[in-house]
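Take a look at the structure set out below.
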Amino acid sequence: MSDAIKHECGIALLRLLKPLSYYQEKYGTPFYGIHKMYLLLEKQHNRGQDGAGIATVKLQMQPGERYIARVRSNDAQPIQDIFKQINQHINDLLEKNPTLKGDVDQLKRIVPYLGEVYLGHVRYGTFGKNSIENVHPFLRENNWNYRNLILAGNFNLTNVNELFNKLVELGQHPIAKTDTITVMERIGHFLDTEVEECYQKLKAEGISKKEASVLIAQQLDMIRVLQRAATRWDGGYAMAGIVGHGDAFVIRDPAGIRPAYYYKDEEIVVVASERAVIQTAFNVPFERVEELSPGAAILIKHDATTQIAQILPATERKACSFERIYFSRGSDQEIYRERKKLGALLLPKVLKSIENDLTNTVFSYIPNTAETSFYGLIEAVSEHLNQQKKQQILQAGNTLSESQLTQILSVRPRIEKVAVKDVKLRTFITEDSGREDMVAHVYDITYGAVRRNEDNLVIIDDSIVRGTTLKKSILNILSRLEPKKIVVLSSAPEIRYPDCYGIDMARLEDLIAFDAALELHKDRGTYDIVAQIYHKCIAQKHKPDSEIVNYVKELYAPFTSEELAQKVVQLLRPETMTCQLDIIFQSVENLHKACPKNLGDWYFTGDYPTVGGNRVVNQAYINFYEGNKERAY
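Letter by letter, the sequence shown follows residues 689 to 1321 of our numbering.
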């Protein structure tokens, strides 16, 4: 993606179902769980590089023995930093006590991060500062082990203010008004309620407090806790948690917006944000890794019993399509096929733009994430050419000479690696004009790959959000090759609306499609609609979320996608550019064809999967109109 945007975080929950001695005997190390957690987080580093953390719970520890450990980092390389800290701690202990190596029980008592239940997280800071206090997992501490709560998630809630106020009404005094703190305290409140209800029942039966403590851990109903806590959540989430006595869970939102996959065998239960991560870490086939259903939770009791429970009724499935376009790693076999199809489906528009002149067209891509879509596009071009070759051969019949046949068969797509990203380039100049000159050199070009004033250059990107890098860097350097025409493809449709479920696209004015719509209204003398929409948004500001309408749709209603694309061309075309320029966006219809299981498209269509989405988009528009730079949620 040429426009760097921050997005969903990554979670990893691992429960070892056997005693640590089992892993020592089978795998040669009691640190099996720690090693696997490193893999699970490292293979999801694409999902978050602002922070990382891991928490461990040890089962069946005696009073006075440490049973919860947590380490977090907001270092430049946070995953490496937290495991460096863990390894250093382990190595220091083993150096002082070399006899511990063979004593698994003693290791478990002494080594903080050696346990049976692990929760890890990688974070992109879409909201709040990247201080260590904002890094997951979060910990709610208590002297009763089953009142301790560790929480980490991949989520954004649209109604944090409402949830916060509910906590205040309960008499609580939360330390911050963030969705993570609010969610943790809400779960914590109902966890406390469940514990109290269990205790009162046992007390009525004449059970002593000490005996009751053991029974509460056995009887604790986390399904009921989650059902009570999640009832009012509005947003996209995959929330993972561990209760201090060892119960663990992951719950997914009812629309399936945020992803969650799990795998279970006789040794482990693991949950992660991406299927391929589990496949890689545990060497299991695609079909053995299951997707957690929308609105459901996977729950692993401290006694290792595991169940899937429906916590909230599932709504219409609207899994985030950006996961398939860009965010998730392309090593997942479904995502790999879908990205190739996204590229292939652009071919008809490409052929129209280059007037079917494939002989004089070079194909390339914006490194590195658009590469898979590029493969799909090239396969479609090859198939198109094969059909042309077939027709030419059939039409020529017996009159076809060997040289003519050779000439026909020699036609193939012209592929060049034209743009090369210079990952080591850093912008150190602070003065504006100098900084822009540095930005223009983030990408290098391959000179001589395009015939000057003769070849078309078709280059594919994942999506175009702001268009800043295209205008200030990519188009400038590509135009130095002096092609006849540059055609920029976006494997995603034009992004018209903000996201409020995890992607860092909160402001309308940061979207090039929004700017294009404004300019089209200016051109046509209909700019007064901008104020009309604002007043409609203001008029419904205090309505319940369920009654709010997305009036921002009216801004785009008069225009076709092609008209928006043409205006985007005008806005992004550098002043120094002399060749022709065309920008082609994927259609929403083709997006759904390519990604049939992930139909969440609110950033393209404005059709938000939760009622809070309409409030957010209207607030984003109000903020734009009033010049308010704050986020809409």
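In this text, a Cβ means the ideal position worked out from N, Cα and C, and glycines have one as well.
Three-state secondary structure (DSSP) of residue i
i, result
"Asn1316", "coil"
"Met1265", "coil"
"His990", "coil"
"Arg1283", "Note on residue identity: the sequence assigns Cys, not Arg, to residue 1283. Looking at Cys1283 - three-state DSSP - the assignment turns out to be coil, as it is neither helix nor strand."
"Val1305", "helix"
"Thr1118", "Reliability of the predicted coordinates at Thr1118 is poor, the pLDDT of 42 falling under 50, and the value obtained from them is presented with this limitation in mind. Reduced to three states, the DSSP call for Thr1118 is coil."
"Ala1329", "Residue 1329 lies beyond the range of the chain shown here (689 to 1321); nothing can be said about it."
"Gly721", "helix"
"Leu1113", "Bear in mind that the predicted position of Leu1113 carries a pLDDT of just 47, short of 50, making it too unreliable to give a figure here."
"Asn734", "helix"
"Asn1141", "coil"
"Asp780", "helix"
"Arg1005", "coil"
"Asp1295", "coil"
"Arg916", "helix"
"Arg1025", "helix"
"Arg1102", "strand"
"Met1288", "It is worth fixing the name first, because residue 1288 is Gly in this sequence and not Met. If DSSP states are grouped into helix, strand and coil, Gly1288 belongs with the strands."
"Arg1012", "helix"
"Pro1246", "coil"
"Val1237", "coil"
"Asn785", "coil"
"Pro800", "coil"
"Ile1310", "helix"
"Pro1232", "coil"
"Arg1123", "Low confidence applies here, because Arg1123 scores a pLDDT of 44, under 50, leaving its location unreliable; read the following figure in that light. It is helical."
"Lys1077", "helix"
"Leu708", "helix"
"Met749", "coil"
"Gly1031", "helix"
"Gln765", "coil"
"Ser1089", "coil"
"Pro908", "Contrary to the premise, residue 908 reads as Leu rather than Pro in this sequence. Residue state, collapsed to three classes: coil."
Paired residues, beta bridge with residue i - DSSP
i, result
"Ser1178", "Asp1149, Phe1273"
"Arg760", "Gly741"
"Phe826", "Leu839"
"Arg703", "Val805, Val957"
"Asp793", "DSSP, once it has assigned bridges, lists no residue as partnering Asp793."
"Val810", "Gly698, Ala740"
"Leu845", "Gly923"
"Asp1132", "Val1108"
Identity of the residue in the options nearest residue i by Cα
i, options, result
"His809", "Gln750, Asn775, Gly741, Gln1220", "Gly741"
"Leu1206", "Ile1226, His1230, Ser1161, Lys1255", "Lys1255"
"Val931", "Tyr1296, Pro825, Lys1317", "Pro825"
"Ile699", "Arg1025, His733, Thr994", "His733"
"Tyr1313", "Gln765, Asn1044, Cys1225, Glu1242", "Cys1225"
"Pro1001", "Leu788, Leu914, Glu1071, Ile1042", "Leu914"
"Val799", "Tyr806, Thr787, Leu782, Arg811", "Leu782"
"Lys637", "Thr868, Lys897, Ala905, Leu827", "Because the chain is modelled from 689 through 1321, residue 637 falls outside the range shown and cannot be assessed."
"Lys898", "Asp1203, Pro751, Pro1246", "Pro751"
"Asp867", "Gly1190, Thr1298, Met1265, Lys1006", "Gly1190"
"Ile756", "Gly929, Glu730, Ala892", "Gly929"
"Arg920", "Asn853, Val883, Lys889, Gly934", "Asn853"
"Leu701", "Leu729, Arg916, Phe1247, Phe719", "Leu729"
"Met947", "Gly1300, Val1304, Lys1285", "The identity of residue 947 in the sequence shown is Pro, whereas the question assumes Met. That would be Lys1285, whose Cα lies nearest to the Cα of Pro947."
"Arg760", "Ser819, Gly716, Leu747, Arg735", "Ser819"
"Val1305", "Leu1279, Ile1271, Ile1221, Gln1274", "Ile1221"
"Asp1203", "Leu1252, Leu1177, Arg1005, Ile1165", "Leu1252"
"Gly1136", "Tyr710, Ile1162, Lys1105", "Lys1105"
"Asp1192", "Glu1277, Leu1093, Ala1320", "Ala1320"
Cβ of residue i within 7 Å of any chain C Cβ
i, result
"Asn847", "This model lacks chain C altogether, as it is built from one protein chain only."
The ligand MG heavy atom lying under 6 Å from the CB of residue i
i, result
"Ser961", "Looking for the ligand MG in the displayed structure turns up nothing, as the structure carries no ligands at all."
For this session: Output the residue ranges of the beta strand (DSSP E) runs that lie fully inside the stretch 1035-1065 and measure 3 residues or longer, sorted by chain position.
Result: You should have 1049-1053.
Exercise. Between the stretch 969-981 and the stretch 1024-1039, do at least 3 Cβ pairs fall closer than 8 Å?
Worked result: Cβ pair count under 8 Å is below three, so no.
Problem set entry | Whole alpha helix (DSSP H) elements within the stretch 922-1001, 4-residue minimum | 963-970, all fully within the stretch 922-1001.
Problem set entry | Entirely enclosed beta strand (DSSP E) segments - the stretch 1159-1224, minimum 3 residues | Uninterrupted beta strand (DSSP E) stretches at least 3 residues long and entirely within the stretch 1159-1224 occur at 1173-1178, given in chain order.
Problem set entry | Cβ contact (3+ pairs, closer than 8 Å) linking the stretch 982-1002 and the stretch 718-732 | The answer is no - the stretch 718-732 does not touch the stretch 982-1002, with fewer than three Cβ pairs under 8 Å.
Exercise. Touch check for the stretch 1164-1184 and the stretch 837-847: three-plus C-beta pairs under 8 Å?
Worked result: In short, these stretches do not touch, since the Cβ pair count stays below three.
Exercise. Three or more C-beta pairs closer than 8 Å, one from the stretch 1235-1253 and one from the stretch 1143-1161: is that the case here?
Worked result: Fewer than three beta-carbon pairs drawn from the stretch 1235-1253 and the stretch 1143-1161 are found closer than 8 Å, and the two stretches are therefore not classed as touching.
For this session: Pair every Cβ in the stretch 989-1006 with every Cβ in the stretch 1243-1263, then say whether three or more of these pairs are closer than 8 Å.
Result: No: fewer than three Cβ pairs fall under 8 Å.
Exercise. Do three or more CB pairs link the stretch 952-965 to the stretch 1011-1021 at distances below 8 Å?
Worked result: Judged by Cβ distances under 8 Å, the stretch 952-965 makes contact with the stretch 1011-1021, as three or more pairs qualify.
Exercise. Should the stretch 1083-1096 be regarded as contacting the stretch 1053-1071, the criterion being three or more beta carbon pairs within less than 8 Å?
Worked result: Under the Cβ criterion (8 Å, minimum of three pairs), the stretch 1083-1096 does not count as touching the stretch 1053-1071.
Exercise. Going along the chain, which unbroken runs of the alpha helix (DSSP H) with 4 or more residues stay wholly within the stretch 845-895?
Worked result: Runs of the alpha helix (DSSP H) inside the stretch 845-895: 848-857, 867-892.
For this session: Give a yes or no on contact between the stretch 941-955 and the stretch 1288-1300, applying the rule of three or more CB pairs nearer than 8 Å.
Result: Contact holds: three or more Cβ-Cβ distances are below 8 Å.
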